[in-house]
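If you count the sequence shown from 1, you need to add 428 to reach the working numbering. Glycine residues also receive a C-beta, built at the ideal position from the N, C-alpha and C atoms.
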Amino acid sequence: MIGKLTSLVLHHRVVVLACLLIFMFAGINVYTHLPVEAYPDVTNVSVQIITLYPGHAAEEVERLVTIPIENVMNGIPKRVSMRSISVFGLSQITLVFEDDAVNATIRNLANQLLGQVTLPAGAQASLSPDGTPIGEVYRYTLRASPGFPEVEVRALEDWVVEKKFRSVPGVVDVNPFGGLIKQYQVLVDPAKLKSYNLSLQQVFAALANGNNNAGGSYVEHGSELYVVRGLGLVRDIADIEAISVDTRKGTPIRIRDIGQVVIGHAVRLGRVGRTESQSGKITKDEDDVAEGIVIMRRGENPLDVCLGVEKMADTINQRYLPPGVRLVMYYDRTALVHRTLHTVRHNMVEGILLVLLVLTLFLGLGNYRSALIVALAVPVSLLGAFMLLDLRGVPANLISMGAIDFGIIVDSSVVVIENLLRLLEKRRGQTRSLLAVTVEAVQQMGRPILFSKVILLTAFIPLFTLQRVEGRLFKPMALTLTFALITGTIFAITIAPVLASYAVRAGIPEHESWIVRWLIRLYQPALDFALRSRKLVLAVAVGLLVAGGVTFYLLDSEFLPKLDEGDLWVRTFLPQSISPSEAAKIVQNVRKRLCSFPEVNYAVNQLGRPDDGTDINGFDVCEYCVGLKPREQWTTAHTREALCDAMARNLKEIPGIESQFSQYIEDNVNEAVSGVKSELAIKLYGDDPIKLQTLANQIVAVIKGVRGAKDVSTDLLLGQPQIQITINREMIARYGLAVQDVQNIIATAMGGQAATQVIEGERTFDLVVKMAPRSVADVESIRNIPVFGSNGERVTLGELAAVETRPGLARIVREENERRTSIKLSVRGRDLSAVVADAERNVEAQVHLPAGYRLEWTGSFENAQRAEKRLAVILPLTLLAIFFLLYVTFNSAKFATLILLNIPYSAAGGFMALPLAGLNLSVAALVGFVALFGIATQNSVILVARIIELRNENRGLMEAIVEGAASRVRPMVMTALMAMLGLLPMALSTGVGAETARPFAVVIIGGLVTGTVMTLFILPLFYPLFEPKQPSEA
């Protein structure tokens, strides 16, 4: 069949070459539009429900909002987990779904179910934008000149900048953070209310009724039609002040008579500051700015989206912002994508050049045209892979592109071209045509090539069975390699013969290059020595396996080497009850301390949370985006871990502060995957918040004593002081009041409530009624808030309710309908699995959980365990499948077993290579072993097939072994060298993004070294032991 296919393409060479050109042009077009990510999106399909319930404590939010929504969402299909956080004024529920869930369908279902929930008045529930945790691709602040009103800066963000950014294709939302939200406020003086015998309810109603327009249809006036408009909207402060609340003896009591109308700002939930520095010296410090975070829609191309956002940012600065205000970017995902792509492309170019060098050396300078034919397989295979990825809707990323081994891609073409050159030299002087010899060359090697590639692709099966985080990390890589190998194999048996029929037409030079002759002269005596020194070779063989096993036992482990994003994401924890103003002072100090490091360009803090509820932090938590200089300019430390340790020591000088260090994407991914903003965490479940906090504190104390455990902290559930107003039902009944009447007064007087809105052009601002701040500054003044009964009797709030200070809950965290807390930690300077093992052992020995309380580990350790367990089941089944394929190929279980002996020797080399490269055993390394097992069998298949071929020609056993090994030493060494050198640049790379692909490359290189030694020397020694009495034709 292969011979017929080759004959067909050789007789239609022009058509084939035309198809090749069309294919390449199509592939280039796809590549230019293919989405490219710095890091694959590893998060689950998820939906986040955000409910704003302004002014209410965490206990009310949980009871009235969170639990009712959870009860309805329990039945949504394909749900894997549900977790929630209830804090002051906000409920955030995250639903996580199975991998095969369709995002659009799930969002529609969640919306429908959300409509069935009965929520209290004032609660507003919605789904978060359709982005992903790695979709925050662009961050900026608005920089205003001194004297520019702060509320106007935030108004520009809300009504100008965000609107423009949302119009950029691929942008799903823009999250504002910090700044002051403009409000028109009526600050009521309680003394004047008392003097006029008015209530807050009357003021509220007057404002609501004093601001509207009306439509009066139209009237005909002569031959014209006039539209009737009733104009009554307030336009400015003077209009508001003139609104009448009541009339006494013909004299109106206006708003200006009972209070003050001002332009103020909404209750502040978050604050953003920005500090810039050069060489450790602060150049600019802005303590209160408005920030915007651009969110990319799920599945979009980050490079295209960022390019559109950058152009719009320039347009905004040029056209839409007033003098004195400027949009200043500080984080752009494009930078990370370009840095990682530079690393990948640099390694790819070096790998291709090294492969070309091997081809030229082994095929000889006179066969440079043959080397170019083989080299052409690289771009053709890559373009084929990109086209198939595009058809599958899978974006390319750092891991999938960085793991491409060009040596593996071109080895099929190498085998075909090498066999063609060998036959042409062997048949020199014969009358057979070049096309006939080409068909023969492909036909001879076609079956071994196809079976070796089928075996290699079979070895990739475990990668397609990985689930959740590890599956989303490595399935794109498996798809890329699979598509590239398929395209490369098709190239080898169709395109390469056609090109070779042109390339060798001018004549055949001397086939064997000097390096091949030298290799054969060196290999033959070495093989003879190995065959004569069986005991020595067996001792070396056993020694290799023992060394590999010992190394495996001693290896440290981790889930995945961390991608160096180039920046830091720092989180600090302050006392739970800290006030916003005091927190702002400490945070400014932290920013300045971070910027005192010469490695830092800027530090932007996010204190508290944004107003849209997309985050849940209080003023006790602050997050900092810390921009770093390139690594080669660092002086304080030379590794990220050492720099983090130095910064942590500096921050410890601030009393009462705890710090945690991560990276921007890493932090978002950790939270999305495990629900905890940390690399590693313990989830502690139980009902009583006090017991949960006590147990969590005990666990923190234990884990802090574990070597390698850093940034250990726990969620602070308790410690939020509250002013609790407990209504006396007997008393309110005497005055004809309902509970809701009193609650409305509390809400309006203390937090303020919007009575109506003021429209300024296209902008809309709330008109809020509240007591003057000085009149509700303490418990006693709150007790004196006036309340009017149904018959007009005036009483104070203190007469109707008990007003007292009590401790309350700061946040309530739930998962799967149970309350929980978490203990968070990072690991630096030690093996992840060792830290977890020590921590588990110490916690079990020193912390005793009462009945009904349990804990579980989560984070990257859980991901690693899940991947290892799955591979432990799938990998043996894959090896069994490879054995079956080998059995089918050789019709011999013994030959199949002989070839599989290469796998433990290859594994030994991979294990020994990891510590030599300073790497731990990770899932990335395990994926490398999976690929290695497929690669390692290819040369053994070629050698065994050749020996069997010679035995079928009635050659003697040792003669067939020696001649078969000598005749295949060139393709075996050449393909092994190409596979190793194709990955060598990635294995040695220190560029941004290389961390995640290095273990994969190192394992394959190390495994191929020992695997090739096994094929060249140990396999010939073992062959006589495995040959059946009746050898079968390969």
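- Annotation: the continuous beta strand (DSSP E) that includes Thr711 extends over 709-724.
- Between Gly643 and Val656, the gap from beta carbon to beta carbon is short of 8 Å.
- The continuous stretches of beta strand (DSSP E) do not include Leu1120, which lies in the alpha helix (DSSP H) extending over residues 1117-1131.
- The beta carbon of Val596 sits closer than 6 Å to those of Gly736, Val737, Met740, all from its chain and outside the five residues before and after it, given in chain order.
- In the pairwise beta carbon analysis, the segment 1202-1216 is classified as not touching the segment 1078-1089: fewer than three pairs are separated by under 8 Å.
- For the options Ile1174, Leu731, Ile1240, the alpha carbon positioned closest to that of Ile1213 is the one of Ile1174.
- Rounded to whole angstroms, the separation of the alpha carbons of Asn775 and Ala486 is 52 Å.
- For Arg945, DSSP records no beta bridge to any residue.
- Rounded to the nearest angstrom, the gap between the Cα atoms of Met1075 and Glu564 is 25 Å.
- With respect to the 8 Å criterion, Ala1353 and Leu1344 are not classified as neighbours on the basis of their beta carbons.
- The shortest CA-to-CA distance from Gln1034 to any of Asn603, Glu578, Gly1114, His484 is the one to Asn603.
- Taking all protein chains shown into account, Val998 has 16 or more neighbouring C-beta atoms within 10 Å of its C-beta and is therefore buried.
- Per the Cβ contact rule, the segment 1431-1448 is in contact with the segment 1330-1342 (3 or more Cβ pairs under 8 Å).
- A straight line joining the alpha-carbon of Thr1365 with that of Ser880 spans about 7 Å.
- A direct Cα-Cα distance of roughly 50 Å separates Arg1234 from Arg1059.
- Arg1239 has its alpha-carbon roughly 34 Å from the corresponding atom of Ser627.
- In terms of Cβ geometry, Tyr481 and Ala551 form a close pair [threshold 8 Å].
- Here Ala906 carries a helix assignment [DSSP, helix/strand/coil].
- For Ala1359, there is no enclosing beta strand (DSSP E); the enclosing alpha helix (DSSP H) has its first and last residue at 1351-1380.
- With fewer than 16 other Cβ atoms from the protein chains shown falling within 10 Å of its own Cβ, Ser961 counts as exposed.
- Under the three-state reduction of DSSP output, Trp1062 falls in the coil class, being neither helix nor strand.
- Between Arg1396 and Leu1371, the C-beta spacing is below 8 Å.
- If one requires a minimum length of 4 residues, the alpha helix (DSSP H) runs lying completely within the segment 1257-1284 are 1260-1274, in chain order.
- When the five nearest sequence neighbours on each side are left out, the beta carbons in the same chain lying within less than 8 Å of the beta carbon of Phe1289 are those of Phe987, Leu1108, Leu1260, Ser1261, Val1264, in order along the chain.
- Per DSSP, Ser798 lies in no beta strand (DSSP E) segment; the continuous alpha helix (DSSP H) that holds it begins and ends at 796-820.
- In the DSSP assignment, Ile1044 forms no beta bridge with any residue.
- Under a 10 Å Cβ-count criterion, Val1355 is classified as buried, with 16 or more other Cβ atoms of the shown protein chains found around its own Cβ.
- For the set Arg900, Val616, Leu462, the Cα lying nearest the Cα of Phe632 is the one of Val616.
- DSSP places Thr675 inside the beta strand (DSSP E), whose first and last residues are 672-676.
- For Lys620, the enclosing alpha helix (DSSP H) begins and ends at 618-624.
- The beta carbon of Phe1311 is closer than 7 Å to those of Ala1324, Leu1328 in its chain, skipping five residues each way along the sequence.
- In this model, Leu570 and Glu585 are separated by some 8 Å (Cα to Cα).
- The DSSP-derived three-state label of Phe1216 is strand.
- Between Arg754 and Lys591, the alpha-carbon positions lie close to 16 Å from each other.
- Assignment of Thr1438 by DSSP, reduced to helix, strand and coil, places it in the helix class.
- At the C-beta level, Lys1119 and Pro1278 come within 8 Å of one another.
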